[in-house]
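**Q** Chains R and B, in that order, are what the protein sequence lines are. Using my numbering, the first residue of the first sequence is number 1, and each one after it goes up by one. Using my numbering, the first residue of the second sequence is number 1001, and each one after it goes up by one. By construction, the Cβ of each residue, glycine as well, lies at the ideal position given by its N, Cα and C atoms.
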Amino acid sequence: MKFDLKRLFFLNNLATALLPIVGIGIVSILVVKSHVTADYDRSSAILARSISGQITTYLREPIGTFNLLGNHLRGHDYSPAERGALLNLLVNSYEYFDAMYLLDRRGTVRQAGLKKERTSMQADILGMDFSGVEICREALKSGTLKWAPSLSIVTGEPTMSFCASLDGDTVLTELRLSDLGKIINESSSTRTFEAFIVDKSGRIIAHPDQALINARENIANLHIFREALAGRLETENFFLHGSELRGTALLIPELGWVLVVAQDIHEAMSPVRTLIYILSVGLVATILLALGLGHIGSRMLRRPFTELKEVAQRVINEDYAAVKRVESGCEEIRILSDTICSMVAAICARQDTLNEQTEELMATEESLRELNALLEEKVAERTARLEMVSEAVSALSLDLMQRTSSLEEANRQLESFAYTVSHDLRAPLRHAGSFASILLEEHAAGLGEEGSELARRIVASCGQMEQLIGALLEFSRVALRPINRTLVHPEKLVAEVLAELQGDLQGRSCEIIVAELPDCMADVILLRQVWANLLGNAIKYTRKTAAARIEVGAVRGGDSITYFVKDNGAGFDMAEYDRLFGVFQRLHSPMDFTGSGVGLAIVANIIKRHGGRIWALSKVGEGAEFRFSLPVAPAGTPA
Amino acid sequence: MTKSALIMILASICLALGSSCSCDRDKAIKIGFIAGLTGKNSDLGVAGRDGVQLAVESINASGGIGGRMLSLVIRDDGSNPDAAALAVESLAKERVAAVVGPMGSSMAKAALPVAAKNGLVLVSPTSSSNELSGRDDNFFRVMEPNRLFAHHLAETCVKLKIMRVAAIYDLQNSTYTAEMFADFREEFLRRGGRITAEVSYDSARSPLFIPLVKKLGVDRADGVMVLANSVDAINIGQQVRKLSPRIPIISGACGIAQRDLVQQAGRSIDNIIFTLPVNGRSDKESYLLFKEKFAKRFGYEPTFASVLAYDAAQAVVAALRKNPEPSRLRETLRGIGTFPGLQGDILLDSYGDPHRKLFITRYFRGHEDVIE
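Laid out in structure tokens, this is it:
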């Protein structure tokens, strides 16, 4: 929920004005209501007692007169006419008597005293039978005075009947209830109370309003009446004739009647109502005053805020020159205005600085832009050149790849050719050798010495030729054999090879030291061939060394394992190293050391095909060391 | 001044004014009651009022009509037709839903045009004028017309071998008394009876009764018919007894006395015969319960007027239960058919006239007997 300042100020004024007056008002109303109720209850109780006393007093006189009449009649032997005259005299002498009847033992009216205006009714009354009147029967039976409310046979109106026994006869008197109403009226008129008397059956028998008595209103259902009848002084609210009343009910013990003193609740509570009225008027006046003051205050408060808002708007619009100090009697507003002015001054100063820095930055940016352009030009130039170079390299590379491919193909064809030639040449050569041997063995005599010599040379050359062809076949077979990589244990291979070469070591002093050789992934047959050739060479070239020593070992490094075979044999001249791994290349005289000259070529071919490398170090007469490396796990090989 | 400020001001003023004035909006359904509560015929009116009062209190104790309480607004017509018309006018201003009453035929006749003008329905407990029956109007009642009572009385007289009747009647409320006597005479003569004397008087002039009764020639009659208010009826009865201790006294329903007057009637009440629409000796459970509650509430035994007034109030309540709209009450009552009465269901015809059984009641040696 959003509030603007004006609304907040208005609500504040309203709350400040309303809450105290409502709070005080409610408390005041409760207190006053409590006091008024207590005061009212006290007053009504006092009045009820007072009226009750007056009624008792009032009734004493007619009762006394009535008793006096009884005693008088008992004491004097009056004739019927005299008795009638006496009754008439009494009824007309005392206002409160309505009628007086003298009844005989059977309850028949023998004499009647009536008001002057009703004297004519004597004839009707005399001889009437009142034997059914209950109080007469009770009075006759008990001999005491009895009374009860009833209806007048003369008027039909409610009346109070008194009856007393008189030597077997009875005197019945109708007492005017309207006089009780007068008493009540006189007693209560100054207090605006409504008082009425109710008989024990709940019927209203005396009331300032005679019509209510005549209407014989019955309030037996009211709680207040029942409580009073039970002897308890009761004050409470009740409904009568459609109005809510508050009243006190009191039992008049001598008569068995209940006196009710009541007042309309609205009238009884009129002080409370007046207070509520005053409070309401005060509330309205306070609201109006609060609104008026709130409006003025709001305007006073809003003006500097409006100006401040305009100042803020100018700051937003960067119209700093138009920012002026806001004049106000309020210290806080002045401080706020000064703060805004200071802020604007600071903003202006900072903006100047910023402008200068911006200009510098712009100049720098321009230089940078130029440099950048130059740089981009150079980069473009170099890129173009690089692209050209790259194209050339690519072309070279492609050419190289094509050549390599051609070479490999040529090599493969050459190897295939060598194999085919070697294989095919072998049979005729063997035939030539065999035929030369046959000549020597079977036709030596015919050949002569020279012919035999030549034949022997043929046999020897054929033998040498076959050996060379055999070596060539071996080389070709190795070169053409496809590589089948498995996990190889070099130690085991070395041991097997050394076992096979044991015959060459017979009668020699040769120390062979085999260090730990790590396993590797290689074609086991080809690698065995490598070890056989290298170890065979080492044994062969140390033949002439007195204390021959051959060391076999390995060095693990990075992604490859380097194996070596080192001997202290004849060695070779490193100047001829380039021929070392060529086919049919021999660095020693066949006289010194036999061999086909393809052993190391085979080794080099095998190592190369495994993706490895082979090299050697040597000094003539001091031995040689051959090293070859194999990748630990060449890509694409199974573990 | 903003809109919210205006709302706040109005709310505050309403709060202030609301707290200062008593907001006693009466949501009760008002039921009017008119009867002669004062004067010589007041016993009838008071008994009727007490009957209606008890009905209203009982309905309210059982939760009212659809949760709404009933409120009884009482007016005294003093047995005066003009006052009855004014009372209806006053009740219309009070916005009552319906009026129970008036009790007297003359008063009902005078009140009816005013009620019709104001759209009010009158449900009379005891009005029995022939003139008010068989009419499509705003008048309903729970007591049958005089003709029926008169014929019933004539028939009873013949049954009891009372063939010579001397009659006295009050010219006040002549709508009832004169009409009743005329109907009686017609039927009685038709049945072979004879009217030996006919005396009328004006109760408003406070006449002496002994000369009037002497004019009746009691010694020449088998019975005396008294059509008067209860005070006069008792008074006349007393005078008749002075002349003839045993002669039967035939009274209209209005003459029946209340307990106070019964006491003062003494032996004169012996052999008084009434025709009533109520059985005073009924053992119907609802009636017995009513009698008990009534006596407890008002301190006296209910009279036939109390019973009829209670029934009249029940007719209004039954109609309001059927349709709570007061403006439709006339139509609702016309179509109500039967409704529960204290002595059984009461049938209202489309003219608003009841059909119920009549009972002969006789006071004899201090007892009230019901003769079929």
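Under three-state DSSP, which class holds G1341/B?
**A** Looking at G1341/B - three-state DSSP - the assignment turns out to be strand.
**Q** Is the beta carbon of P1102/B sitting closer than 9 angstroms to the one on A1084/B?
**A** Contact: yes.
**Q** Cα separation between C641/R and R350/R?
**A** Since the displayed chain R opens at 1 and closes at 639, residue 641/R lies outside it and no answer follows.
**Q** Quick one: what does DSSP say T542/R is sitting in, helix, strand or coil?
**A** Three-state result, T542/R: coil.
**Q** Does G1039/B get closer than 9 angstroms to chain R when you measure Cβ to Cβ?
**A** Yes, G1039/B counts as interfacial toward chain R.
**Q** Which residue marks the beginning of the beta strand (DSSP E) containing G557/R, and which one marks its end?
**A** Per DSSP, G557/R belongs to the beta strand (DSSP E) from 548-557.
**Q** Beta carbons nearer than 7 angstroms to chain B: which residues of the segment 226-249 of chain R have them?
**A** Answer in chain order: G242.
**Q** Rounded to the nearest angstrom, what separates Q502/R and M401/R at their Cα positions?
**A** Near 46 angstroms, if we compare the C-alpha coordinates of M401/R and Q502/R.
**Q** CA-CA distance, V260/R and T274/R?
**A** Straight-line Cα distance between these residues: approximately 26 angstroms.
**Q** Could you name the residues of chain R that L1216/B contacts, counting a contact when the two beta carbons are closer than 7 angstroms?
**A** Neighbours of L1216/B on chain R: none; closest Cβ ~15 angstroms, over 7 angstroms.
**Q** Indicate, with yes or no, if the ligand NAD has a heavy atom lying under 8 angstroms from the CB of G1119/B.
**A** No copy of the ligand NAD appears in this structure; indeed no ligand is present at all.
**Q** Straight-line CA distance for Q529/R to R477/R?
**A** Distance between the alpha carbons of Q529/R and R477/R: 12 angstroms.
**Q** Which of the three DSSP states, helix, strand or coil, is assigned to M100/R?
**A** It is a strand residue.
**Q** List the whole-angstrom C-beta distance separating G1266/B from V1370/B, where the pair is believed to meet the contact cut-off of C-beta under 8 angstroms.
**A** Contact doesn't hold; Cβ gap of about 22 angstroms is too wide.
**Q** Spatial neighbours of V1316/B within its chain, please: C-beta separation below 7 angstroms, excluding the five flanking residues on both sides.
**A** Excluding residues within five positions, the ones whose Cβ falls inside 7 angstroms are I1031, A1098, V1100, V1123.
**Q** Determine, using beta carbons only, whether E1057/B comes closer than 9 angstroms to chain R.
**A** It does; some Cβ of chain R falls within 9 angstroms.
**Q** Reducing DSSP to helix, strand and coil, say where V1370/B ends up.
**A** It is a strand residue.
**Q** Taking 9 angstroms as the threshold (beta carbon to beta carbon), is A139/R in contact with chain B?
**A** No - not a single Cβ of chain B is within 9 angstroms of the one on A139/R.
**Q** Quick check on S1071/B - is its C-beta less than 9 angstroms from some C-beta in chain R?
**A** S1071/B counts as touching chain R.
**Q** At least one CB of chain B closer than 9 angstroms to the CB of S201/R: is that the case?
**A** True, the Cβ-Cβ gap to chain B drops below 9 angstroms.
**Q** Does the distance from the CB of L68/R to the CB of V171/R come in under 9 angstroms?
**A** Not closer than 9 angstroms, so no.
**Q** Express the C-alpha separation of L279/R and V311/R in angstroms, rounding to a whole number.
**A** Each residue's alpha carbon lies about 46 angstroms from the other.
**Q** What does A1265/B touch in chain R if you count any residue whose Cβ is under 7 angstroms from its own?
**A** Those within 7 angstroms of A1265/B in chain R are G132.
**Q** What's the call for Q1053/B, buried or exposed, on a 16-neighbour Cβ count within 10 Å?
**A** Per the 10 Å Cβ criterion, buried.
**Q** At 4 residues or longer, what runs of the alpha helix (DSSP H) sit wholly inside the segment 438-487 of chain R?
**A** As far as the segment 438-487 of chain R is concerned, its whole alpha helix (DSSP H) runs of at least 4 residues are 444-480.
**Q** Go to L237/R, then tell me how far its beta strand (DSSP E) extends in each direction, as first and last residue.
**A** Checking the sequence, you will find Asn at residue 237/R rather than Leu. N237/R -> beta strand (DSSP E) spans 234-240.
**Q** Measure the C-alpha to C-alpha separation of S1306/B and A1233/B and round it to an integer number of angstroms.
**A** Roughly 19 angstroms separates the two Cα atoms.
**Q** Quick one: what does DSSP say G642/R is sitting in, helix, strand or coil?
**A** Look at the range of chain R in this structure, 1 to 639, and you will see that residue 642/R is not part of it.
**Q** Around the C-beta of Q385/R, are 16 or more other C-beta atoms found within 10 angstroms, so that it is buried, or is it exposed?
**A** Sequence inspection shows Arg at residue 385/R; the Gln mentioned does not correspond to that position. The residue in question, R385/R, is exposed, as its Cβ has fewer than 16 Cβ neighbours within 10 Å.
**Q** Answer yes if the segment 200-210 of chain R comes into contact with the segment 62-81 of chain R, meaning at least three C-beta pairs across the two stretches below 8 angstroms, and no otherwise.
**A** Touching, no, given that fewer than three Cβ pairs across the two stretches are closer than 8 angstroms.
**Q** Along the chain, where does the beta strand (DSSP E) containing I153/R start, and where does it finish?
**A** Segment: none, I153/R is in no beta strand (DSSP E) and carries neither H nor E.
**Q** Along chain B, which residues have their Cβ under 8 angstroms away from the Cβ of D124/R?
**A** Within chain B, the residues near D124/R are L1208, F1209, I1210, N1235, Q1238, Q1239.
**Q** I think L1347/B touches H1355/B, with their Cβ atoms under 8 angstroms apart; what is that distance to the nearest whole Å?
**A** Contact holds; Cβ gap of about 5 angstroms.
**Q** So is Y1201/B in contact with chain R if we call contact Cβ pairs under 9 angstroms?
**A** No, Y1201/B lies away from the interface with chain R (no Cβ there is under 9 angstroms from its Cβ).
**Q** Please state if the CB of G294/R and the CB of N13/R are separated by a distance shorter than 9 angstroms.
**A** It is a contact, given that the beta carbons lie within the stated cut-off.
**Q** Looking at the C-beta of A215/R, does it have a partner C-beta in chain B at a distance below 9 angstroms?
**A** With 9 angstroms as the cut-off, A215/R counts as an interface residue toward chain B.
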